[in-house]
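Residue numbers (the numbering used here), protein chains in the order written: chain P, 180 to 435; chain H, 180 to 435. Presented below is the structure to which this report refers.
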DNA sequence: TAGTGGTCTAGACCACCAA
DNA sequence: TGGTGGTCTAGACCACTAC
């Protein structure tokens, strides 16, 4: 610990900005195990006096590591090395529901409802669901947790013909749809990454600006009718999506 | 412009921190089109005097928007609204190479090589490629650009039996492998999101901490032998991966 | 050369948490 | 109540860009 926050070595002119040097020292200490998950760091003011830097500079180094998910800070309490997070792997090629997916691997699932209502659709929802003029929409918004850890924010929209009573969904949306004979058999997903805004980050228990996996899904019935339009935001540090790929058809047989 | 940086309204006690209020004002102006892509913002010092805030506070607001990809800053030049980026969509279910994928949609592809060498493998590479003790590895690292815009960093590792001469790869790795009769026919990918470090961010031309899509791929021959181990980092703001899902086999027929 | 963003400082007050 | 992180300020110097 003394070595990390030693005032020595900060005067090398070619070593870059001071906050980056400190950031690198702390990151190296975590990577090297000298700072283990759960360990506390000295208070910001103490790090400042120990290193001979100003508190603002120390804060800039720490903030970068908080944003990257390597440290966590609790006001009034202190700064700590982030706990090791167990990465969940989910197969992306199968159309399963969150609830079923977690049950399959023996995890508990809790949902915290943010909204479960009938409302006026956004232009995006009108487009995706093919709604008529004046038609309203069922919207389900919830934070998904597994074993107490928030994993994803899920915002599902369905036409009222598909789901007249949103309040009837307690846990699995797909289970409700299945009862109504309206479970999707095919879906198209689009995946991208983006930085989480303050609100979404708080819901997921990570720092503002942390990387999240954004997944947009449109589910279809066998008839081709759209049943669901879902936008999810997964914690980037807690989720791995696995996909199996096969050779592109147009290239088949031309190999070798 | 005057409205955005007006000193009025910053005294409301319930509106949260000043830097968040300013951040919201600027973000709203961009979303509402009052600030269009390419537009320049006043200098930081000017924004500070206009709003009555300190430069540090203005900077904190601006930095957050830079991290989120909504603004770009150029030292000595100014602060600008980020140009609209064209999102590329790539099918995730087919095993295609970057080069072929871009060619199919009529885009030019350039590679900037970071490394193309035979070297000592990392433990991760030994594991993924199933290398023997003392065996060396061919490593290909490059930044992929399309129409001049950097899109991804690709780091591919192959055993020397698969690719004895890394320098023989000029554009498409898969084309070279195909010539040798070693093109993979199956691959497993793992997808997650993470914040880009300073170095990777610079290579992709985005701000440090921006969200990136991390993809790890292991490619196999028909025999089941591993041919390639590739770790890629895509710009989160420039890429959409599309996947089509079908009903999980175990649920087939139980629908309705 | 003038203007811009990038870094850094010393000091202050507030809100929250734990003993 | 004392310590912690969260916010904010005024002022300074540097490195780079554009002219």
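Beta carbons: idealized from backbone N, C-alpha and C, even for Gly.
Listed in chain order, the non-local C-beta contacts of residue 348 of chain P below 8 Å within the same chain comprise 295, 319, 342 and 355, local neighbours out to five positions each way being set aside.
Under a criterion of Cβ atoms nearer than 8 Å, the residues of chain H adjacent to residue 423 of chain P are, in order, 365, 366, 367 and 368. Looking only at P:213, P:219, P:307 and P:224, the smallest Cα-Cα distance to residue 395 of chain P is reached by P:307.
In this structure, residue 335 of chain H lies away from residue 289 of chain H, with their beta-carbon atoms at least 8 Å apart. One Cα belongs to residue 221 of chain H, the other to residue 303 of chain H, and the distance between them is close to 48 Å.
A contact is defined here as three or more CB-CB pairs under 8 Å, and the region 369–382 of chain P meets this definition with respect to the region 413–422 of chain H.
By the CB criterion at 8 Å, residue 332 of chain P and residue 382 of chain P fall inside the cutoff. Secondary-structure assignment with DSSP links residue 227 of chain H through no beta bridge to anything. The C-beta of residue 419 of chain H comes closer than 8 Å to at least one C-beta of chain P.
Measuring C-alpha to C-alpha distances from residue 369 of chain P to each of H:298, H:266 and H:366 identifies H:266 as the nearest.
Here the region 183–190 of chain H lies against the region 224–239 of chain H, with 3 or more beta-carbon pairs under 8 Å apart. Residue 320 of chain H has H:294 and H:334 as its beta-bridge partners, per DSSP. Taking a Cβ-Cβ cut-off of 9 Å, the neighbours of residue 247 of chain H in chain P comprise 373, 374, 376 and 388, given in sequence order.
With contacts defined by Cβ atoms closer than 8 Å, residue 202 of chain P and residue 243 of chain P form a contacting pair. A straight-line Cα-Cα distance of about 12 Å links residue 338 of chain P and residue 361 of chain P. DSSP lists P:393 as the beta-bridge partner residues of residue 371 of chain P. Chain H places no beta carbon closer than 8 Å to that of residue 342 of chain P, leaving this residue out of the contacts.
Apart from sequence neighbours up to five positions away, the residues of its chain that approach residue 216 of chain H with a beta-carbon distance below 6 Å are 260, 262 and 263, ordered along the chain. By the beta-carbon neighbour count (other beta carbons within 10 angstroms, threshold 16), residue 386 of chain P is buried.
With its beta carbon at least 8 Å from every one in chain H, residue 330 of chain P lies outside the interface. Taking 8 Å as the upper bound for CB-CB distance, residue 363 of chain H and residue 399 of chain H are in contact here, some 6 Å apart.
If you look at residue 407 of chain H, you'll find it in the beta strand (DSSP E) that goes 405–414.
Taking a beta-carbon distance threshold of 8 Å, residue 327 of chain H does not count as an interface residue toward chain P. Separation of residue 235 of chain H and residue 317 of chain P (C-alpha to C-alpha, rounded to the nearest whole angstrom) is 44 Å. In the three-state DSSP reduction, residue 204 of chain H falls in the helix class (H, G or I). For residue 271 of chain H, the neighbours in chain P by C-beta distance under 8 Å run, in chain order, 271, 370, 422 and 424.
When secondary structure is reduced to three states using DSSP, residue 238 of chain P falls in the helix class.
For residue 254 of chain H, the closest C-alpha among the options H:240, H:223 and H:403 is that of H:223.
Residue 260 of chain P carries a strand assignment under DSSP once its states are collapsed to helix, strand and coil.
Interface annotation, residue 197 of chain P: not in contact with chain H, CB-CB separation never under 8 Å.
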